[in-house]
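The block underneath contains the structure these notes are about, expressed in structure tokens.
Numbering (our numbering), first residue to last: 247 to 733.
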């Protein structure tokens, strides 16, 4: 049976959004481009963003190299999100529904699984960070910080994340407005208090690293920021008015997400470069380590800011992962899909908190492994969007017999090939994730020094998958898109 695009009679029930993956009704498409600022800003104003400063220094780069990687990586990667968000206005459906135009109604399920895993991974990472921060700050305050606190913190964090996601789009948008102000103000206070711990001379005296190390730093930033959001970028723009300019939609996506991240990553970079002990501690407990420089009286406000900012991003992620789950054919109401994902999030959080040797190893392994196929999909999807001159055929997005078909062999074959090539150009040698050390099999054969060479940790496969996916699709699918739009 095929899913239909006609179930749009009820969009809310007792304040909870009931709209799933179906097309948003015309009467509900009232959002303006500037409305996109709040969800993107709130999702990225997290203090967690400061930890990327320490993560970058792990590549041995200088302060100025790290700044360049931050500016380019954040703005360009969220530029990809901006392009994909334009599709939301054209089709008024979630990202993974619109992706069917490029891959087919059934072929897109391959991408749906990867998208779902990516969203779940991000949500879990944010929840883990919140739990670890709570434990560290409780310890600083002299309160209990044992296993019972970790378990309780996990349950409370998961409950708040899932509760917001279940409520849906309209409540989330209102919630993000509140969270933006609270977390924004508290984060600014933290930055002001942290200034005295910055050693400008030490930070700017760091020696420059090799070009491969810079590329690795840039890859980390791109996969850790914008590329991690491309698979859900249209979920928030599907309520945009049909008359909203595409450029404005893209701009407010990029501006809302990049503004807080550039500031926070720069601040985190200065702090990490000023203290090696702090930089090392961030790898084990990102936010908890950043709290160690604070006076005791500000620990509770800081914890509040940290948890609320992490919740903002995780709520958006759970909401979108629930929508993605529905595109895979799971026949449950949208709120129930969010509950399913919330259960998985809780289990994943407990595993990392109690079993994994540290936070940064599984986090970086996750970014690299799923970053490759996600980059390949992003390249293909961006071309598909830019080649189209007409809105999507809403009915055919749910009908395999329509113009988009069940499978698009060009897109699927391209995706598989660029993903395999990409995995061959990245390495995963992080502590505790030995099961992922099969990657990097192309680094030796093509003369890049193998898994131990200078290019090993540049993770070229992320860029390779993106560029190859873009170029091949631009050449091979131009005629396909024209035929689809001529029907």
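Beta carbons: idealized from backbone N, C-alpha and C, even for Gly. Every value quoted in this text rests on a predicted model; they were computed, and no experiment measured them.
May I ask you to report which of helix, strand or coil DSSP gives residue i?
i           : result
residue 255 : Reliability of the predicted coordinates at residue 255 is poor, the pLDDT of 38 falling under 50, and the value obtained from them is presented with this limitation in mind. DSSP places residue 255 in coil when its eight states are reduced to three.
residue 422 : helix
residue 730 : helix
residue 248 : Confidence at residue 248 is low in this model, with a pLDDT of 40, below 50, so the placement of that residue is unreliable and no value is reported for it.
residue 311 : helix
residue 339 : coil
residue 277 : strand
residue 718 : helix
Output yes or no for whether 7 Å exceeds the beta carbon distance between residue i and residue j.
i           : j           : result
residue 422 : residue 581 : no
residue 326 : residue 632 : no
residue 270 : residue 429 : no
residue 458 : residue 704 : yes
residue 638 : residue 337 : yes
residue 332 : residue 573 : no
residue 559 : residue 361 : no
residue 596 : residue 400 : yes
residue 330 : residue 480 : yes
residue 531 : residue 372 : no
residue 426 : residue 324 : no
residue 650 : residue 339 : no
residue 539 : residue 447 : no
residue 498 : residue 282 : yes
residue 672 : residue 718 : no
residue 500 : residue 328 : yes
Please name the residue, chosen from the options, that lies closest to residue i on a Cα-to-Cα basis.
i           : options            : result
residue 554 : 576, 359, 343, 375 : 375
residue 424 : 713, 511, 466, 557 : 557
residue 662 : 684, 686, 442, 626 : 626
residue 653 : 277, 551, 354      : 354
residue 648 : 323, 617, 731      : 731
residue 409 : 344, 561, 483, 685 : 561
residue 456 : 699, 298, 407, 571 : 699
residue 715 : 395, 537, 667      : 667
residue 509 : 299, 446, 587      : 299
residue 552 : 620, 600, 293      : 293
residue 397 : 381, 697, 417      : 381
residue 406 : 644, 563, 598, 482 : 563
residue 506 : 394, 636, 432      : 432
Roughly how far, in whole angstroms, is the beta-carbon of residue i from the beta-carbon of residue j, given that I think they are within contact range, below 8 Å?
i           : j           : result
residue 727 : residue 630 : 7 Å
residue 302 : residue 463 : 5 Å
residue 487 : residue 275 : 5 Å
residue 364 : residue 477 : 6 Å
residue 404 : residue 588 : 6 Å
residue 367 : residue 616 : 6 Å
residue 383 : residue 537 : 5 Å
residue 621 : residue 674 : About 16 Å; that fails the 8 Å criterion.
Under the criterion of a Cβ to heavy atom distance below 6 Å, does residue i qualify as lining the ligand ADP?
i           : result
residue 287 : You won't find the ligand ADP in this model; it holds no ligand whatsoever.
Task: Contact between the stretch 532–550 and the stretch 434–448 (3+ Cβ pairs under 8 Å) - done: yes
- [ ] Specify whether the stretch 653–660 and the stretch 700–712 touch according to this definition: at least 3 beta carbon pairs, one from each stretch, less than 8 Å apart.
- [x] Segments in contact, no.
Task: At least three beta-carbon pairs within less than 8 Å, the stretch 310–327 to the stretch 461–475 - done: yes
TODO: Mind the definition here: the stretch 299–315 touches the stretch 446–455 only if three or more C-beta pairs lie below 8 Å; say whether that holds.
DONE: yes
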